[in-house]
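Residue numbers (the working numbering), protein chains in the order written: chain G, 903 to 1613; chain D, 16 to 400. For glycine and all other residues, C-beta sits at the position ideal for the given N, C-alpha and C. Please read the structure below before turning to the comments.
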């Protein structure tokens, strides 16, 4: 865009409430509701965040701690029985250590929970519950300590007892091992009287079977029984789980031990000493604290105490678990509350959000419907419609009346558009008028011109075909010349009005005939007429010639017919025409210059036609040999000999045209289907045609059923 | 960080390598350790110590030849005094603390009854227990490797000799009052029942004592034509002496477990004509090359050592062990050892054939009969297979 810097700038003032401002307002309005909705959402999130924080920072740790508390107390409940049945000090230490660890963990958890109470943002864990739990754990600690001590004593006793029991078993075995051979030897002696292998002679029966001997034998046997009993009782005491059996076992033991000691008197010798040693060892195991009975009793009592402690611990642990359950339930309730609150918040927020979104959408719709549409889109539509109407050329300025009143860019646009449209319309009207004027002028010119041109030339000029001046063609044309014999004489003695009437009529009639037969009228020279066939259109040399001949004949006939008319109009002298026709190659086209063109034909045949015409007698048509050759089979002619016109080298044969045969192939009457065409070339054909028609009528009547025959 | 990674990797590899060195328990780079819990003290001391002597003779012979795949064979022995409780304690120690490759040369039925389950549970091979107890020949005990014929086979051979050979019908039995004795008694009863006979008297005596006199009196009352003793050498000797003193002259047959040398010694002159069934060939004989090999190995280990049935049995056990190990590959495992035993199947230990297979853990069923003459144990005649 080239702007002229020196030229005046047209200042355009931006309207105050411009289109952009209006749009911003509209959008701002729509956005406002969305913002409101977002605000609500944000508030909801904040609240949810608070609730969630409460849950994660307070409730969940509380629940976790509570569950761990429960877990620890369960562990304690599980570990305690194991402690009770610990079999070694190592195990005891290990289990006790585990229990103490678990207690420490519980103490830590309780402290945690107390901390949570302090920092709770809702009603929190009830303080009493924590106190209960703390009390329970304290009691548990006490019980576990006592249990530990009891188990310790148990283990010590158990270890001692184990040693003593093993010793008892060993001594018992040794005792039996010693007693069995004793009895065995005693039996041998009793039965055989031999004491040793070296004995030569057995002791006499009387001696060895004496009462004393038998009693000694019995005592020996007794030793075995009592020895077995002692050992058995000790083993039983060492293994019995029932503390109530200890006393009876001890009683029986002491009885057996007494009997044993008594029976021991029987045994003598080295064996006896060894035996006594073992026996003493065995018997001492039933004695007091260094024995088996008392410690076993103590052990069993202690075991029972331990079991009692364990049972107490179990009860406390159960209480603890109950407390923790209540704790967990409380926290759960608080969590449920929080969850319910958050659900409510979500619910409310959701509903509010939905509502606001609805309002936002509605608001947006209203804004666009009540504001944007009329303020922005309607005027634009109107403008667009106006433009379309303008395009279709029925723009009505009133349609933009409302838009024009606006104070913004669209108003300006409307005003500008209206002005522009008005200008365009006005200009268009002027132009249309000018064009119409020019066109009518042109038409009248053309009309006037037409008079001076043959129709073919006229069409040729006024049709799309454009011939460049100077485009000449050489064609085989049939040339026709005619004039009125003695016209000069006739015209001399005639009044101008009568002359003009006569010549006009003559020329008009002759032109019509020429046009009828498809000839191109070249020119009128006074009474002379020059017509040629074969240009601009041709039907072939022969047909052109035929047409020309037919035309000539018709002209002669017409002149005869016109004589009557002229007679009535005061032209008394008879009209005689003379015609000449030749066929030959001529040059045809626009001759002349840029300034002045004449569409005419030049060439030898033209001259010849003129010569022939001049040679012809009145009412005679002379044709040259060239023409005669073309039409001789259809024409009635008379040879006239030869002439050698001036300018021609050789003599030309010429003939007189008398008439033409009926048009070949042209029947007077043709009937096809329901149509009948009557072709009358000549007045003489009419009776013929009538006869034919009558014949056709009869034929057709015969085809119609009798009752419908109109005839 | 790369150094850390490499270092850790190297440490782990080293650990794995050292762990790999331990390989199978008892298998070390340069030796394989065997464990024995047997009566090395107490009344059956001779049995355990002879067994040990024989095993060591075989092990040292192998070691002198370069060991098995470059590893020496070593034996660690604990005394259990023929008492099951001690045997259990010893076995646990050998397996869990000493990590022996296998147990070998346990002595006694009650002790084996207590310790074999422990070995079975830990997958430890239980090689050549010095006992013919029937339960150890149970095909299900796939970790037990028996060298000797069982008591059933021994008692069958004895009964065959008595009934078939000597045409006797009244057989009495003295048996130790434990599973060993009862095993032997059952064997005699079964053998007699097969011949349509029954034991005329069976008397027990307490283990670890010589209180056989009441038993003798009981048997004497039945007037047996022959007496089979399933017991230890001292009670057997005392019984025999007293029997002869009381005029019981029935032939007396002992089973191999009695301890032949000890018996001969304890019996003295009363031992003349006392029979002992054996499960290994006469150690001073030359019937097979094994015996000369054995005697040389024995002397190579201990110049003062004298051939005995017990140590011959130990020697056979040691030789078998070495041969199975040789077939168990460079890195023998307990499973591999037992597998090699079963897969090889037949072993020819210097002419003494042992056959094993799936479900057959009894290597030999051969029983030999010996008799005491002039205070020496000499072959009587070869009996059943």
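- As computed with DSSP, residue 160 of chain D is found in a beta bridge with D/142.
- In its chain, beyond the 5 residues on either side, 1281, 1284, 1285, 1312, 1313, 1316 have a beta carbon closer than 7 Å to the beta carbon of residue 1305 of chain G.
- Of G/1352, G/1217, G/1277, the smallest CA-CA separation from residue 1041 of chain G is found for G/1217.
- Residue-level contact by beta carbon fails for residue 1180 of chain G and chain D, as no gap is shorter than 8 Å.
- In this structure, residue 1502 of chain G lies near residue 1425 of chain G, with their beta-carbon atoms less than 8 Å apart.
- Taking a Cβ-Cβ cut-off of 9 Å, the neighbours of residue 256 of chain D in chain G comprise 1099, given in sequence order.
- The beta carbon of residue 1472 of chain G is closer than 7 Å to those of 1400 in its chain, skipping five residues each way along the sequence.
- In the structure shown, residue 51 of chain D falls within a strand segment according to DSSP collapsed to helix, strand and coil.
- Residues of chain D with a Cβ closer than 8 Å to the Cβ of residue 1079 of chain G are, in chain order, 221, 223, 224.
- Distance from the CA of residue 1133 of chain G to the CA of residue 95 of chain D, rounded to the nearest whole angstrom, comes to 23 Å.
- For a cut-off of 8 Å, the C-beta gap from residue 1246 of chain G to residue 961 of chain G is around 17 Å, too long to register as a contact.
- Its chain contains 52, 130, 133 as the residues whose beta carbon lies nearer than 6 Å to that of residue 106 of chain D, once the 5 sequence neighbours on both sides are disregarded; these appear in chain order.
- Within chain G, the residues placing a beta-carbon under 7 Å from that of residue 261 of chain D are 1094, ordered along the chain.
- Within chain G, the residues placing a beta-carbon under 8 Å from that of residue 228 of chain D are 1086, 1087, 1089, 1090, ordered along the chain.
- Proximity of the region 1218-1228 of chain G to the region 1172-1181 of chain G falls short of the contact definition, fewer than three beta-carbon pairs being nearer than 8 Å.
- Taking the Cα positions, residue 1163 of chain G is about 21 Å away from residue 1066 of chain G.
- For the region 966-989 of chain G, the set of positions with a beta-carbon nearer than 9 Å to some beta-carbon of chain D is empty.
- With a threshold of 16 other beta carbon atoms within 10 Å, residue 1263 of chain G falls short and is exposed.
- Apart from sequence neighbours up to five positions away, the residues of its chain that approach residue 1074 of chain G with a beta-carbon distance below 6 Å are 1133, ordered along the chain.
- The residue among D/319, D/258, D/287 with its C-alpha nearest the C-alpha of residue 68 of chain D is D/319.
- Non-local C-beta neighbours of residue 375 of chain D in its own chain, meaning closer than 8 Å and more than five positions away in sequence, comprise 154, ordered along the chain.
- Contacts between residue 282 of chain D and chain G, judged by CB atoms closer than 9 Å, are missing: the closest CB pair is about 11 Å apart.
- Interface with chain G (8 Å Cβ-Cβ cutoff): residue 107 of chain D is excluded.
- Closest option to residue 1365 of chain G, judged by alpha-carbon separation, among G/1354, G/1348, G/1381, G/1377: G/1348.
- Between residue 365 of chain D and the set D/202, D/238, D/302, the nearest pair of CA atoms involves D/302.
- The Cβ-Cβ distance between residue 259 of chain D and residue 215 of chain D does not fall below 8 Å.
- When C-beta distances to chain G are compared with 7 Å, the residues of the region 229-242 of chain D below that value are 229, 232, in chain order.
- Annotation for residue 1541 of chain G: the continuous beta strand (DSSP E) segment containing it runs 1537-1545.
- With a 10 Å radius around the Cβ and a threshold of 16 neighbouring Cβ atoms, residue 373 of chain D comes out exposed.
- With the criterion set as a beta carbon lying under 8 Å from some beta carbon of chain D, the region 935-953 of chain G has no members that meet it.
- Taking a C-beta distance under 8 Å as the contact criterion, residue 1529 of chain G and residue 1558 of chain G do not qualify as a contact pair.
- By the rule that beta-carbons nearer than 8 Å mark a contact, residue 1082 of chain G touches chain D.
- Around the C-beta of residue 224 of chain D, 16 or more other C-beta atoms lie within 10 Å, and the residue is accordingly described as buried.
- The shortest CA-to-CA distance from residue 1561 of chain G to any of G/1553, G/1534, G/1552 is the one to G/1534.
- With 16 or more other CB atoms across the displayed protein chains lying within 10 angstroms of its CB, residue 256 of chain D is buried.
- Around the Cβ of residue 998 of chain G, a 10 Å sphere holds 16 or more other Cβ atoms; the residue is buried.
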